Amino acid sequence: AQSVTQPDIHITVSEGASLELRCNYSYGATPYLFWYVQSPGQGLQLLLKYFSGDTLVQGIKGFEAEFKRSQSSFNLRKPSVHWSDAAEYSCAVDRSGAGSYQLTFGKGTKLSVIP
Amino acid sequence: SQTIHQWPATLVQPVGSPLSLECTVEGTSNPNLYWYRQAAGRGLQLLFYSVGIGQISSEVPQNLSASRPQDRQFILSSKKLLLSDSGFYLCAFVTAGDAYNEQFFGPGTRLTVL
């Protein structure tokens with residue numbers, strides 16, 4: 564069965580520091596991978612997605628993620644964190660493998676930003 | 002523009018009472034519709050999805066059911082709530098026909114069963 568693991572429940576970084584959120588997936592075929600963000604009082608918003616092609620994916624708000632098949636990972640990165648990035652980040656894989664958006668989510672990583 | 006609405010935003014219900022959560026989508030036709038739940042300490046879990054009126058697929062055995070009486074309406078129901086039904090329920094949609102379209106989520110309903 565497909566699964567998504569986000570090993571870090573809570574991460575705290577200083578504003579301006581770099582960020583990397585980890586995501587590992589378990590899936591037999593080429594996965595469709597996603598990162599979502601949910602800020603307090605806001606709905607779930609798509610940051611970026613990987614379907615195929617270039618393994619380095621650019622998203623909104625200055626985020627990027629790199630798909631590494633050999634490591635079954637899809638880590639999210641940002642070179643310089645802003646205080647407004649404080650939120651819950653969730654990684655997901657499309658369990659159908661066909662872009663039908665039947666998503667399996669990780670438990671999420673809560674990001675806190677120190678001024 | 003495409004929008005998705007859910008109500009109510011919060012709900013507190015006693016064990017054994019019925020449940021009805023409604024989700025409606027505007028600005029698109031024949032969307033794929035989804036119900037997800039986030040229980041405490043867990044990631045979002047897909048409960049149901051629908052590719053058309055009256056077509057419902059259930060992902061996990063549970064105390065809940067879903068219906069799609071109209072093209073852009075998706076309802077989550079229960080005849081008798083359990084404590085374990087507490088959680089944050091999200092409805093989502095994807096415009097059908099293009100696998101590369103984005104999945105949009107509603108604002109969610111926070112359900113507490115006492």
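One line per chain: the protein sequences are A and B, in this order. One gets the numbering used here by counting positions in the first sequence from 1 and adding 563 to each. One gets the numbering used here by counting positions in the second sequence from 1 and adding 1 to each. Even glycine gets a Cβ: it sits at the ideal position worked out from N, Cα and C. In this text, all values refer to a predicted model and were calculated from it rather than measured experimentally.
| field | Under 9 Å (Cβ pairs) to chain A, residues found in the stretch 41-75 of chain B | value | Of all residues in the stretch 41-75 of chain B, G42, R43, G44, L45, Q46, L47, Y50, V52, S58 and E60 have a Cβ within less than 9 Å of some Cβ in chain A.
| task | Hey, could you find the ends of the beta strand (DSSP E) S18 (chain B) is sitting in? | result | Looking at the DSSP string, S18 (chain B) is not in any beta strand (DSSP E), and its letter there is neither H nor E.
| query | Do three or more CB pairs link the stretch 573-584 of chain A to the stretch 52-61 of chain B at distances below 8 Å? | reply | Short answer: they don't touch.
| said: DSSP three-state label for G53 (chain B), please. | reply: DSSP, reduced to helix, strand and coil, places G53 (chain B) within a strand of the structure shown.
| query | F668 (chain A) and L65 (chain B) look like a contact to me (Cβ under 8 Å); what is the Cβ gap, rounded to whole Å? | reply | Taking the Cβ atoms as the reference, F668 (chain A) lies roughly 18 Å from L65 (chain B), outside the contact range of under 8 Å.
| Contacting residues, own chain, Cβ-Cβ under 8 Å from L560 (chain A) (five flanking each side not counted) | Any question about residue 560 (chain A) goes unanswered here, given that chain A covers just 564 to 678.
| message | When you compare the CB positions of S636 (chain A) and S581 (chain A), do they come within less than 8 Å of one another, or not? | response | Against a cut-off of 8 Å, the Cβ pair of S581 (chain A) and S636 (chain A) comes out as no contact.
| Using a beta-carbon distance below 8 Å, is S635 (chain A) in contact with chain B? | So, not an interface residue.
| field | Reference L607 (chain A); option with closest CA among B:K81, B:Y37 and B:V26 | value | Nearest of B:K81, B:Y37 and B:V26 to L607 (chain A), Cα basis: B:Y37.
| task | Count the other C-beta atoms from every protein chain shown that fall within 10 angstroms of the C-beta of V26 (chain B), then say buried if there are 16 or more, exposed otherwise. | result | With at least 16 other beta carbons inside 10 angstroms of its own, V26 (chain B) counts as buried.
| task | Would you mind stating whether L84 (chain B) and Q63 (chain B) have Cβ atoms separated by less than 8 Å? | result | Contact: no.
| request: Give a yes or no on contact between the stretch 70-84 of chain B and the stretch 12-24 of chain B, applying the rule of three or more CB pairs nearer than 8 Å. | output: Counting Cβ pairs under 8 Å, three or more are found: they touch.
| query | Between N102 (chain B) and T110 (chain B), is the Cβ-Cβ spacing less than 8 Å? | reply | No; because the gap between Cβ atoms is not below 8 Å, this pair is not in contact.
| query | Could you give the distance in angstroms between the alpha-carbon of N587 (chain A) and the alpha-carbon of N638 (chain A)? | reply | A direct Cα-to-Cα measurement between N587 (chain A) and N638 (chain A) gives close to 8 Å.
| task | Find the residues of chain B that neighbour Q665 (chain A), judging by a C-beta separation of less than 7 Å, and give them in chain order. | result | Ordered by position in chain B, the residues that pass the 7 Å Cβ test against Q665 (chain A) are L47 and Y50.
| When we look at the beta-carbon of R43 (chain B) and count the other beta-carbons within 10 Å, is it buried (16 or more) or exposed? | It counts as exposed.
| said: Measuring straight from C-alpha to C-alpha, what distance separates C92 (chain B) and S2 (chain B)? | reply: Cα-Cα distance, rounded: 18 Å.
| If you draw a straight line from the C-alpha of D72 (chain B) to the C-alpha of I623 (chain A), how long is it? | Spanning the two alpha carbons is a distance of roughly 31 Å.
| Just the Cα atoms here: how many angstroms apart are R632 (chain A) and Q621 (chain A)? | Cα to Cα, the separation comes out at about 18 Å.
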